[in-house]
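Protein chains in written order, with the working numbering: chain A, 180 to 351; chain B, 25 to 179.
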């Protein structure tokens, strides 16, 4: 099991805002040879539970395979495009992840998240728009869940990586 | 590989460098890598305090527009060397992703993902799961109605 935070995370509001409003984060997992592999992904932050959820299709399962082999991951929030935030901090989360081997297609309990994706990425609705696109893209809707619990959170006001991060939060 | 990296890197203002810290966790920072044609490495100005160690590393370039569309991304896998305050990435592999390779690249990506998904299910003895298309499209219609209502308020 991945470690539970000892208490609710008490983060500055501007960091919480980044978790909520950034459209993507850069998620790194470790390949078999130890190389960190980084791809942009859509994160969902659950402040009350102190965890992130990332999902990936079984058509692109490498992230989940990597996590099952090595739980160490990171999420960098460094691209504010479309967030509506002015000069937000950039945030690095290092943590431990879990990726159960369960294929999820149901919307039960996931309506808010899918709604947010459709609001933020209107053209993504194309995948389910007719019989042909459903046939071609059905793999996209067969998802694996990746749960990430932060161990350390660092942030750089204004995104200035030239200076040491001014904020740091360590869990446990 | 080198030419592809140089060509596509020129399309981005910055990139995400990821290496490992002393505890073996990935550590990422934004940086502005510069190709060095003489040595075929990417020079990365990296502040000394960044705890990324020499060793396996990768460089990601990606972007999207205001509607999370017009995606473009690629990854360079390689080896990072930090020496005397300088830092360079020796590329080992170029991994193209969204928006690279044109329509043919897109077709390859979709067909490859379909095959991988089928294999994932087959290896676990799972049948093709039901996708709740009706519920998905109901949610889509609800989001579209919200958007039209908001546009009406603005207009």
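Backbone N, C-alpha and C fix where the C-beta goes; we use that ideal spot for every residue, glycine too. A quick note: this is a predicted structure, and the numbers were derived from the prediction, not measured.
Query raised in the report: CB-CB under 7 Å to residue 46 of chain B, same chain, minus the five flanking residues each way: which ones, in chain order?
Result: Along the second chain, read from residue 1 onward, the residue named residue 46 of chain B stands at position 22. The residues are 75, 77.
**Report entry** Range of the contiguous alpha helix (DSSP H) that encloses residue 131 of chain A
**Finding:** Coverage of chain A is limited to positions 180 through 351, which leaves residue 131 of chain A absent and any answer about it impossible.
**Report entry** Local conformation of residue 93 of chain B per DSSP, three classes
**Finding:** Residue numbering aside, residue 93 of chain B sits at position 69 when the second chain is read from its first letter. Coil.
Query raised in the report: In this structure, does DSSP put residue 256 of chain A in helix, strand or coil?
Result: Numbered from 1 along the first chain, position 77 holds the residue referred to as residue 256 of chain A. DSSP places residue 256 of chain A in strand when its eight states are reduced to three.
Requested in this report: Have a look at A:191, A:308, A:317 and flag the residue whose alpha-carbon is nearest the alpha-carbon of residue 138 of chain B.
Outcome: Looking up residue 138 of chain B in the second chain gives position 114. When each option's Cα is compared against that of residue 138 of chain B, the closest is A:317.
**Report entry** Contact under 8 Å by Cβ, residue 173 of chain B with residue 302 of chain A
**Finding:** As a working note, residue 173 of chain B is residue 149 in the second chain. As a working note, residue 302 of chain A is residue 123 in the first chain. No, Cβ-Cβ distance for residue 173 of chain B and residue 302 of chain A is not below 8 Å.
**Report entry** Backbone CA spacing between residue 112 of chain B and residue 103 of chain B [nearest angstrom]
**Finding:** Locating residue 112 of chain B in the second chain gives position 88, where the first residue counts as 1. Locating residue 103 of chain B in the second chain gives position 79, where the first residue counts as 1. Spanning the two alpha carbons is a distance of roughly 8 Å.
**Report entry** Backbone CA spacing between residue 151 of chain B and residue 143 of chain B [nearest angstrom]
**Finding:** For the purposes of this step, residue 151 of chain B is identified with residue 127 of the second chain, where counting begins at 1. For the purposes of this step, residue 143 of chain B is identified with residue 119 of the second chain, where counting begins at 1. Cα-Cα distance, rounded: 11 Å.
Report task. Check whether the Cβ of residue 346 of chain A lies closer than 8 Å to any Cβ atom in chain B. Result -> In the first chain, the residue the question calls residue 346 of chain A occupies position 167. So no, residue 346 of chain A is outside the interface.
Query - Residue burial classification, residue 309 of chain A (beta-carbon count within 10 angstroms, cutoff 16) - result: Reading the first chain from its first residue, position 130 is the one you call residue 309 of chain A. Result: exposed.
Query - Cutoff 8 Å: residue 81 of chain B Cβ touching any chain A Cβ - result: Translated into positions along the second chain, residue 81 of chain B becomes position 57. Taking Cβ atoms only, chain A reaches closer than 8 Å to residue 81 of chain B, which makes this a yes.
**Report entry** Beta-bridge pairing of residue 102 of chain B - partner residues as DSSP gives them
**Finding:** Sequence index remark: in the second chain, residue 102 of chain B carries index 78 (1-based). According to DSSP, residue 102 of chain B bridges with B:81, B:115.
Report task. At 9 Å on the CB atoms, spell out the chain A contacts of residue 48 of chain B, in chain order. Result -> For the purposes of this step, residue 48 of chain B is taken as the residue at position 24 of the second chain. In chain order: 209, 213, 249, 251.
Query raised in the report: chain A partners of residue 93 of chain B, CB-CB under 7 Å?
Result: Working through the second chain from its first residue, we reach residue 93 of chain B at position 69. 300, 302, listed in chain order.
Query raised in the report: What are the start and end residues of each continuous alpha helix (DSSP H) run of 4 or more residues lying completely inside the stretch 193–229 of chain A, in chain order?
Result: none
**Report entry** Under 8 Å between C-beta atoms of residue 155 of chain B and residue 235 of chain A
**Finding:** As a working note, residue 155 of chain B is residue 131 in the second chain. As a working note, residue 235 of chain A is residue 56 in the first chain. No. Outside cutoff.
Query raised in the report: Among residues of its own chain, excluding the 5 on either side of residue 182 of chain A, which ones have a beta-carbon nearer than 8 Å to its beta-carbon?
Result: In the first chain, counting from the first residue as 1, residue 182 of chain A sits at position 3. Note that residue 182 of chain A scores 49 on pLDDT, short of 50, meaning its location in the model is unreliable and no value can be drawn from it.
**Report entry** For residue 54 of chain B and residue 345 of chain A, the rounded distance between their alpha carbons
**Finding:** The sequence position of residue 345 of chain A within the first chain is 166, counting from 1. The sequence position of residue 54 of chain B within the second chain is 30, counting from 1. Going from the Cα of residue 345 of chain A to the Cα of residue 54 of chain B covers about 16 Å.
Query raised in the report: According to DSSP, what are the bridge partners of residue 50 of chain B?
Result: Counting from 1 along the second chain, the entry for residue 50 of chain B is found at position 26. In the DSSP output, where bridge partners are listed per residue, residue 50 of chain B has B:44.
Query raised in the report: If you check the beta carbons only, do residue 50 of chain B and residue 252 of chain A fall under 8 Å apart?
Result: Counted from its first residue, the second chain places residue 50 of chain B at position 26. Counted from its first residue, the first chain places residue 252 of chain A at position 73. Cβ atoms of residue 50 of chain B and residue 252 of chain A: closer than 8 Å.
Query - beta strand (DSSP E) segments (min. 3 residues) lying fully within the stretch 248–314 of chain A - result: 251–256, 269–277
Requested in this report: Figure out for me which residue from A:320, A:297, A:334 has the closest Cα to the Cα of residue 91 of chain B.
Outcome: By one-based count along the second chain, residue 91 of chain B stands at place 67. With distances taken between Cα atoms, residue 91 of chain B lies closest to A:297.
Report task. With DSSP as the reference, label residue 340 of chain A as helix, strand or coil. Result -> Taking the first chain and counting its residues from 1, the one referred to as residue 340 of chain A is at position 161. Here residue 340 of chain A sits in coil by DSSP.
**Report entry** Inter-residue spacing [alpha-carbon to alpha-carbon] between residue 166 of chain B and residue 265 of chain A
**Finding:** Counting from 1 along the second chain, the entry for residue 166 of chain B is found at position 142. Counting from 1 along the first chain, the entry for residue 265 of chain A is found at position 86. C-alpha separation (whole angstroms): 29 Å.
Query raised in the report: Residues of chain B with a CB under 7 Å from the CB of residue 317 of chain A: which are they?
Result: For the purposes of this step, residue 317 of chain A is taken as residue 138 along the first chain, with counting starting at 1. Simply 155.
Query raised in the report: Name the chain A residues that come within less than 8 Å of residue 160 of chain B, Cβ to Cβ?
Result: In the second chain, counting from the first residue as 1, residue 160 of chain B sits at position 136. Those are 286, 293, 307, 320, listed as they occur along chain A.
Query raised in the report: At least one CB of chain B closer than 8 Å to the CB of residue 231 of chain A: is that the case?
Result: As a position in the first chain, residue 231 of chain A is number 52, starting the count at 1. It does not; no Cβ of chain B falls within 8 Å.
Requested in this report: Report the residue from A:281, A:223, A:260 whose alpha carbon sits nearest the alpha carbon of residue 254 of chain A.
Outcome: Locating residue 254 of chain A in the first chain gives position 75, where the first residue counts as 1. Comparing Cα-Cα distances from residue 254 of chain A to each of A:281, A:223, A:260, the minimum goes to A:223.
Requested in this report: Keeping to the same chain, check which residues put their C-beta closer than 6 Å to that of residue 164 of chain B; ignore five residues upstream and five downstream.
Outcome: The residue labelled residue 164 of chain B in the question sits at position 140 within the second chain. Cβ neighbours of residue 164 of chain B beyond the five flanking positions: none.
Query raised in the report: Is residue 205 of chain A close to chain B, meaning its C-beta is less than 8 Å from at least one C-beta of that chain?
Result: The residue given as residue 205 of chain A occupies position 26 in the first chain. Yes, residue 205 of chain A counts as interfacial toward chain B.
Report task. Check the DSSP bridge columns for residue 153 of chain B and list the partner residues they point to. Result -> Your numbering for residue 153 of chain B matches position 129 in the second chain. In the DSSP output, where bridge partners are listed per residue, residue 153 of chain B has none listed.
Query raised in the report: Does residue 88 of chain B get closer than 8 Å to chain E when you measure Cβ to Cβ?
Result: No chain E is part of this structure, whose protein chains are labelled A and B.
**Report entry** residue 151 of chain B at chain A interface by Cβ criterion, 8 Å
**Finding:** Along the second chain, read from residue 1 onward, the residue named residue 151 of chain B stands at position 127. Not one chain A Cβ lies under 8 Å of residue 151 of chain B.
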